[in-house]
Structure formats: C-alpha cells, structure tokens
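*Asks:*
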Amino acid sequence: MDNTIALAAAAVVLVLIIILLNFLSKQFGSKETEVQEPEAQQEVAAVGGVRRAVAARNRLGLRNRGGQRQQLQDEPRFPGNQDSAGEDSDDEVASSLLDLGDMKVGKKKLAKLEAKAERKAAREAEEREREEKKTLELEKEKERKKMEELEEQAEKEKEEQIKREAEEKIRREHEEYLKMKAAFTVEEQGFDAKEESAEENLLQKFIDYVHETKIVLLEELAAHFQLKTEDAIDRLKKLVQEGSLTGVIDDRGKFIYISLEEMEAVAKFIRQRGRVSLSDLAESSNQLIQIGSQIQPAQAESH
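Letter by letter, the sequence shown follows residues 19 to 321 in our numbering.
(1) Can the beta-carbon of glycine 271 be found closer than 8 Å to that of leucine 236?
(2) Are the beta-carbon atoms of alanine 240 and lysine 232 separated by less than 8 Å?
(3) Taking only the alpha-carbon atoms, compute the straight-line gap between alanine 28 and isoleucine 37 and give it to the nearest angstrom.
(4) Please check the pair leucine 263 and valine 234, which I expect to be a contact at CB under 8 Å, by giving their CB distance rounded to whole angstroms.
(5) How big is the Cα-Cα spacing for alanine 219 and aspartate 226?
(6) Rounded C-beta distance between isoleucine 267 and leucine 254? I'm assuming under 8 Å.
(7) Can you tell me where the alpha helix (DSSP H) with leucine 239 in it begins and where it stops?
(8) Provide the residue span of the beta strand (DSSP E) that contains lysine 272, from first to last.
(9) Between which two residues does the beta strand (DSSP E) harbouring glycine 265 extend?
(10) On the DSSP bridge assignment, give the partners of isoleucine 37 in chain order.
(11) Evaluate phenylalanine 224 with the Cβ neighbour count: other Cβ atoms within 10 Å of its Cβ, from every protein chain shown; 16 or more gives buried, anything less gives exposed.
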C-alpha cells in the first residue's frame, strides 16, 4: 500500500516537472523569437524597400501603444505621476525609436535603410536604362546590317547588269566584225583577182619589151616601167631563172636578150667547127645572133 502511494506521488511529481519544463521552453522560445524577429524584419525592410517597412511600422505602432496601455493598467498607479509618466514614455519611444513593422529602428538606421533603398532603386533604374540602351543599340545594329545587306545586294545586281551589258556589247561588236570581215574578204578576193590580172599583164609587157629591144639599157628599162633600177634587175634575174627570158647582163649595165633559136644556132656552130676560139665565136655571133632592136619607132612611142 505504501509503495503504491509512493509510486503515484512520484508519477505526479514527474508529470509536474515535465509540464514545468514545457512551459519554460515555450517562454524562452517566444523570447528568442521576439529577439530574432526584428532582425529578420530589418533584413526584409532593407531588401523589400521602405514602403513595406512604413506599413509594418504603422501596424506595430498600434500594437505597441495597445501594449503600453495594458502595461500602464497593470502597474500600480500613483496620483500625480501617472499622466506624466505615460507622456514621458510616449515621448521617449517616439523620439528614440521608429516602428517598422514588428521591429524598432532608430532614425539613423532608418536613414541608412532609405539611402540604401534609394541606391538600389537608382541601380535598378540604371540597369533598366542600360538594358533599354543595349536593346536599342542591338536594334540599330540589326537595322544597319540589314541596310548593308540590301546595299550589297543592289551593288551586286548593278555589277551583274553592267557585266551582262558589256558581254552583250562585245558579242554584238564581234558579230559586226565577222560580218565586216566576210565582206572585206569578198572585196579583197575580187581586188586581188584584178591586181593579179593587172600584174600578169604588166609582166607580159615587160617580157615583150625585152624581146623586142634585144639589148636593153637597165636604166631605160626601169624608167619605162616606173621601177627602180635595182627592182628592174631583180625582175630580169627572176625571169631568167624561171626560163621566161634568156640572156646575159654585161658589165656596162645592159641586158642582151638571146632567143632559144639563136642559142641553138650558136650551139650548132660550135658542134660543126669542133673547136672554136673566142675570136671566131665573136666574129660569127653577129651573123648567128640578131643584134638590134626589133621595135619600130611608132611602137617605141606607144610603149
């Protein structure tokens, strides 16, 4: 029986101790929360801005004034000192502290927070201005590149047009050149044929003149055909090489024409005599070779 009573008493004491500890932990926890809450709200005010802090200050002011009135009611009242004590406490709180939400901040701290908020707002405004300026510059750069691309495209098209026109001009000029060349070729062929015919006629006249003159002074031959003396000599040599003329040029500037019949007569004379001296050949040459012009005076004048 005694043991049962002792155990029951011990259980009651243990329960009371647990309740007391729980109560004390709640009391200390609420005090820590009250201490930490102003610090957290101060950070919120610094980050969130002054407007929210002012709103919180108004709410906290009402709450604190209600608490102060309750405290004054709970405290013993002394005549003559009650009103003055309340006014002094209100003035001290108003002069030393400003309520910001659930925290109390001094005027200097509030000024710092306001300055910090202003700086943050200024930074944000500058950041927005920079972003807007950057966006505007990007738009301008994009527009500039677009204009450059359009100008390059237009310049390229212009160059291609100029190139096509130049190629077309060259093609037309080449076609005109080919047409003119074909026309000139036909004309030249006709002109060459005429020149060739005239040249042949002139050459035949040259040969006929030598045949008829027999002994031709080279200077007279050149003057008759309006040639240089050297050109007349070259033409005679060429005709002799071709076989159109036969004869010799002596050292006195004369060409002596000897026909084939006369050359055969000289050869026959040499064969008949066997051996012939130069003196005999010279004496007989006047008979074998006709020396003298065959051109009559009227014919000479016509030439």
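Where a beta carbon is used, it is the ideal one built from N, C-alpha and C, also for glycine.
*Replies:* By the coordinates alone:
(1) For the purposes of this step, residue 271 is identified with residue 253 of the sequence shown, where counting begins at 1. For the purposes of this step, residue 236 is identified with residue 218 of the sequence shown, where counting begins at 1. At the C-beta level, glycine 271 and leucine 236 come within 8 Å of one another.
(2) In the sequence shown, the residue the question calls residue 240 occupies position 222. In the sequence shown, the residue the question calls residue 232 occupies position 214. Not closer than 8 Å, so no.
(3) Counting from 1 along the sequence shown, the entry for residue 28 is found at position 10. Counting from 1 along the sequence shown, the entry for residue 37 is found at position 19. In a straight line, the C-alpha of alanine 28 is about 14 Å away from that of isoleucine 37.
(4) As a working mapping, residue 263 is identified with position 245 in the sequence shown. As a working mapping, residue 234 is identified with position 216 in the sequence shown. Not a contact, Cβ separation roughly 10 Å.
(5) What you label residue 219 is simply residue 201 of the sequence shown in a count that begins at 1. What you label residue 226 is simply residue 208 of the sequence shown in a count that begins at 1. According to the sequence displayed, residue 219 carries asparagine and not alanine. Taking the straight line joining both Cα atoms gives about 10 Å.
(6) Numbered from its first residue, the sequence shown carries residue 267 at position 249. Numbered from its first residue, the sequence shown carries residue 254 at position 236. Right, their Cβ atoms sit about 7 Å apart.
(7) Translated into the one-based positions of the sequence shown, residue 239 becomes position 221. Leucine 239 -> alpha helix (DSSP H) spans 236-242.
(8) Along the sequence shown, one-based indexing puts residue 272 at 254. Its beta strand (DSSP E) spans residues 272-275.
(9) Along the sequence shown, read from residue 1 onward, the residue named residue 265 stands at position 247. Glycine 265 -> beta strand (DSSP E) spans 265-267.
(10) Counting from one through the sequence shown, the residue named residue 37 turns up at place 19. Beta-bridge pairing links isoleucine 37 to no other residue.
(11) Translated into positions along the sequence shown, residue 224 becomes position 206. When all chains shown are included, phenylalanine 224 counts as buried.
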